[in-house]
């Protein structure tokens, strides 16, 4: 083991005390990631390093092993280099090359704190990210899906060369394996529509990369609640401007250089739109994206600008298929559920597409549990199950139905502040359904929900019908 530690190109094993000394007791914090904090350190030879100290329990081991096994075995100029690691008692640390200019998000979302990046720098960053992802997808011994491509996971060196980082959620596939069955992982705003399906390909990274392109060129976040109305969602804004043939309106105006190179910026935005096709089979491979960015091939021009709607929502699967999804999937890590990567799950001011997407995903997970419980006698409702002393996992389906209504109506199931007739949401729902007045229940304080009122009503009915099918077998 000692010999392996000193082989050229292999990550070095450090003791916890060594890293503690190199970082001056972890006193110089560089940033916070999904699984821990990053600190600046200095090796004995004077070389700066970035030390990632992983926090938590079970998820730390998973993230540590995935990241060490993934980035520790590959080398590419556009992937952050793993210098070393520490696995001592409960301590799990990863040591990376130091990137002087930090993460990309601080440069494109940083407001007035930093000078706006000129066009050629942005273009090079986009190309660097594309080359790094193309290497992961097509040039390694095993295909690697990153699963969390976003500006926070792109680091910049002193010359603004970009490198993809943070492989804690990545997954390795054999070359002949086209799809992977896994549970949802990643960051809201960068997740591809096909996460509603059971089979995921490397094209989810292509979609996330498309979002990053838009953010780099427009100089803003994909979802920005400080913006007014429909402008808060960049992809929806892009669709509207594309149909109006006014894409120049959304190019970052904080940089005069961006305005000078407006036509080039719009051309690259269209490559981003190609990456964002809701049908993943219509998205290019990352190697084709690299060629398009380099001008070797022309980008696709027949594009669908409805980026967030999946063409097929495969909610009904056989029990065997869903069993495979459960058995083959990595555990859904706590940070994915409640940490920085998922921050809008219970935000009742979130837009319609996000609410419907989260609801459908939760339904799918409950559907999996229900399919595993087919041997149990079906009971339609919680009270009926209690009365017969037969509790199955299908009580969760009933609870889920209540939660669906609470999300879409933005109120509690039992609200004593309402009038006597309206205090119970389920009773109110029954009355409105019988009278064909379900639109009255849609959240009235959210303009976007009202705008999509008919879709909200449709999803209410579909989800509740779907839940009943599971319950009754």
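In UniProt numbering, the protein residues as written are 1 to 473.
From the three backbone atoms N, C-alpha and C, an ideal C-beta is built for every residue, glycine too.
Treat the numbers as computed from the prediction; the structure is a model and nothing was measured.
As DSSP reads the structure, residue 36 sits in a beta bridge with 54. Annotation for residue 219: no alpha helix (DSSP H) segment contains it, and DSSP assigns it neither H nor E.
Counting only residues of its own chain and dropping the five nearest sequence neighbours on each side, residue 78 has a CB closer than 6 angstroms to the CB of 128, 131, 132, 163. The Cβ-Cβ distance between residue 31 and residue 115 does not fall below 8 angstroms. Each of 44, 304, 35, 83 was checked against the Cα of residue 240, and the nearest Cα belongs to 304. If you check the CB distance, residue 213 and residue 144 do not come in under 8 angstroms.
In the structure shown, the three-state DSSP call for residue 393 is coil. Around the Cβ of residue 177, a 10 Å sphere holds fewer than 16 other Cβ atoms; the residue is exposed. Residue 154 has its alpha-carbon roughly 34 angstroms from the corresponding atom of residue 447. Only residues of its own chain outside the window of five on either side were considered, and among them 149, 190 have a CB closer than 6 angstroms to the CB of residue 208, listed in chain order. In chain order, 453, 457 place their CB closer than 7 angstroms to the CB of residue 439, counting only its own chain and leaving out the 5 sequence neighbours on each side.
For residue 124, the enclosing alpha helix (DSSP H) begins and ends at 119-134. Note on the stretch 146-232: whole beta strand (DSSP E) runs with a minimum of 3 residues are 154-156, 162-164, 171-173, in chain order. Taken through DSSP and simplified to helix, strand or coil, residue 14 comes out as coil.
For the pair residue 28 and residue 39, the CB atoms are nearer than the 8 angstroms cut-off. The straight-line gap separating the alpha-carbon atoms of residue 113 and residue 307 is approximately 32 angstroms. Note that the C-beta distance between residue 455 and residue 425 is not below 8 angstroms. The alpha-carbon of residue 179 is positioned some 46 angstroms away from that of residue 435. Judged by their CB atoms, residue 280 and residue 194 are nearer to each other than the 8 angstroms cut-off. Residue pairing of residue 414 in beta bridges, as defined by DSSP: 424. Our two residues, residue 170 and residue 184, have alpha carbons roughly 12 angstroms apart in a direct line.
Counting C-beta pairs with one atom in each stretch, the stretch 116-126 and the stretch 86-94 have fewer than three that are closer than 8 angstroms, which means they do not touch. The C-beta separation of residue 167 from residue 146 comes to about 7 angstroms, placing the pair in contact by the 8 angstroms criterion. Per DSSP, reduced to three states, the secondary structure at residue 74 is coil, with no helix or strand assignment. Distance from residue 54 to residue 22 at the Cβ level is roughly 17 angstroms; contact not present, criterion being Cβ atoms closer than 8 angstroms. Here the C-alpha atom of residue 286 lies approximately 5 angstroms from the C-alpha atom of residue 134. Judged by DSSP secondary structure, residue 272 falls within the alpha helix (DSSP H) whose first and last residues are 262-275.
Counting other Cβ atoms within 10 Å of its Cβ, residue 268 reaches 16 or more and is therefore classed as buried. Spatial neighbours of residue 242 in its own chain (CB-CB distance under 6 angstroms, excluding positions within 5 residues in sequence) are listed in chain order as 305. Taken through DSSP and simplified to helix, strand or coil, residue 431 comes out as helix. Sequence-distant Cβ neighbours of residue 95 in its own chain, meaning closer than 8 angstroms and more than five residues away, are 11, 12, 14, 19, 41, 49, 50, 51, 52, 82, 83, 84, 85, 86. Residue 303 sits in coil when the DSSP states are folded into three classes, being neither helix nor strand.
For residue 235, the uninterrupted alpha helix (DSSP H) run begins and ends at 234-243, by DSSP. Residue 297 sits exposed, since fewer than 16 C-beta atoms from the chains shown fall within 10 Å of its C-beta. Shortest Cα-Cα distance from residue 173 to any of 411, 202, 156, 93 involves 202. With a 10 Å radius around the Cβ and a threshold of 16 neighbouring Cβ atoms, residue 256 comes out exposed.
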